[in-house]
Amino acid sequence: GAVVSQHPSWVICKSGTSVKIECRSLDFQATTMFWYRQFPKQSLMLMATSNEGSKATYEQGVEKDKFLINHASLTLSTLTVTSAHPEDSSFYICSASDARAGSYEQYFGPGTRLTVT
Amino acid sequence: GQQLNQSPQSMFIQEGEDVSMNCTSSSIFNTWLWYKQEPGEGPVLLIALYKAGELTSNGRLTAQFGITRKDSFLNISASIPSDVGIYFCAGTGGSEKLVFGKGTKLTVNP
Chain A
1 GAVVSQHPSW VICKSGTSVK IECRSLDFQA TTMFWYRQFP KQSLMLMATS NEGSKATYEQ
61 GVEKDKFLIN HASLTLSTLT VTSAHPEDSS FYICSASDAR AGSYEQYFGP GTRLTVT
Chain S
1001 GQQLNQSPQS MFIQEGEDVS MNCTSSSIFN TWLWYKQEPG EGPVLLIALY KAGELTSNGR
1061 LTAQFGITRK DSFLNISASI PSDVGIYFCA GTGGSEKLVF GKGTKLTVNP
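So the protein lines, in turn, are chains A and S. With the working numbering as the guide, the letters of the first sequence map in order to residues 1 to 117. With the working numbering as the guide, the letters of the second sequence map in order to residues 1001 to 1110.
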């Protein structure tokens, strides 16, 4: 149980274009989804927290107009990197949790490797 | 903000050896989680701890929630080559947001 998928697993895009990454909880309903960014050999950096049906809460320093997050259902959240630039190249990972279960466990997707050329 | 100190940063061990790593927090936590991440993958939840003093096992892995609620450790017994990866501790004092340690990179020599 507690399986989270991400699509695509990797993407290469040109500078200035937008990229959408999907995060799905496959066997549970996720009241909350989180988006992280991970640089090589570093820990996970939380970008934003999204609750189903409401606006995402962004961490300090994360541009909400650049990283658009939508959490339209209890099983799907999307992250759109708008007007991507090479510095946006990174490993993006989502996680999902069900607050109704009364735990803080987060289940992670396999990640999406974004390369902006 | 909250910070987690995870140590050691890296470990190089021989197959069959036991491993121990730990995390300390600057504040009290009510949940400790241990994850393993392999290259190019997302972290996988290994063990979740919810009560001070709790000792929980998952196969060869054992983790404990420290009595002070500010620390936790993870032990791996009789390590095998597939144990290689980066182990992260994470915790929260009640917020849905987790604080992560910087990870312990484990290398197991056959």
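Built from N, CA and C at the ideal position, the CB exists for glycine as well.
When the options are compared against residue i, the one with the closest alpha-carbon
i, options, result
"A/ASN51", "A/SER90, A/TRP10 and A/SER95", "A/SER95"
"A/THR80", "A/VAL116, A/LYS66, A/LYS41 and A/LEU26", "A/LYS66"
"S/VAL1026", "S/ALA1078, S/ASN1005 and S/LYS1051", "Residue identity check: residue 1026 of chain S is Ser in the sequence provided, not Val. Of the candidates S/ALA1078, S/ASN1005 and S/LYS1051, the one whose C-alpha sits nearest the C-alpha of S/SER1026 is S/ASN1005."
"S/SER1077", "S/ILE1028, S/TYR1050, S/THR1056 and S/ASP1018", "S/ASP1018"
"A/MET45", "A/PHE34, A/LYS55 and A/SER54", "A/PHE34"
"A/SER77", "A/PRO86, A/GLU87, A/ASP88 and A/ILE93", "A/ILE93"
"S/GLY1085", "S/THR1024, S/PHE1100, S/THR1107 and S/PHE1029", "S/THR1107"
"A/GLY111", "A/TYR58, A/GLU22 and A/ILE12", "A/GLU22"
"S/GLY1040", "A/VAL116, A/THR117 and A/PHE108", "A/PHE108"
"S/SER1072", "S/LYS1102, S/THR1024 and S/VAL1044", "S/THR1024"
"S/ILE1028", "S/GLY1091, S/GLY1042, S/SER1057 and S/LYS1097", "S/GLY1091"
"A/SER90", "A/ALA72, A/THR57 and A/MET47", "A/MET47"
Chain S residues whose Cβ lies nearer than 8 Å to that of residue i
i, result
"A/GLN29", "Near A/GLN29 there are no residues of chain S at all, since even the closest Cβ is about 15 Å away, more than 8 Å."
"A/LEU44", "PRO1043, PHE1088 and PHE1100"
"A/ALA56", "None at all; the shortest Cβ gap to chain S is about 13 Å."
"A/SER97", "GLU1096"
Under 7 Å by beta carbon: chain S residues contacting residue i
i, result
"A/GLU105", "LEU1033, LEU1045 and ALA1048"
Per-residue contacts from residue i into chain A (C-beta, under 7 Å)
i, result
"S/GLY1042", "ILE93, PHE108, GLY109, PRO110 and GLY111"
"S/GLY1103", "SER43"
Same chain, Cβ closer than 7 Å to residue i, neighbours up to 5 away in sequence not counted
i, result
"S/TRP1034", "LEU1046, ILE1047, ALA1063, LEU1074, TYR1087 and CYS1089"
"S/GLY1053", "PHE1065 and ILE1067"
"A/THR17", "ALA84"
"A/GLN29", "LEU74, THR75 and ASP98"
"A/GLU105", "SER97"
Where residue i falls, given that 16 or more other Cβ within 10 Å makes a residue buried
i, result
"A/LYS64", "exposed"
"S/SER1095", "exposed"
"A/ARG37", "buried"
"A/ARG100", "exposed"
"S/GLN1037", "buried"
"S/LEU1055", "exposed"
"S/SER1007", "exposed"
Limits of the beta strand (DSSP E) - the one that residue i falls within
i, result
"A/HIS7", "4-7"
"S/GLN1003", "First-last for S/GLN1003: undefined, no H or E at that position."
"S/ASN1109", "1104-1109"
"S/GLY1071", "The sequence given here places Asp at residue 1071 of chain S; Gly does not occur at that position. First-last of the beta strand (DSSP E) with S/ASP1071: 1071-1076."
Contacts around residue i, its chain only, beta-carbon distance under 6 Å, and the 5 residues preceding and following it disregarded
i, result
"S/PRO1110", "GLU1015 and PRO1081"
"A/SER25", "VAL4, THR75 and ALA96"
"A/ASN70", "THR78"
Partners in chain S for residue i, counting only beta-carbon separations shorter than 9 Å
i, result
"A/THR49", "GLU1096 and LYS1097"
"A/THR32", "GLU1096"
Under 8 Å by beta carbon: chain A residues contacting residue i
i, result
"S/THR1092", "TYR104"
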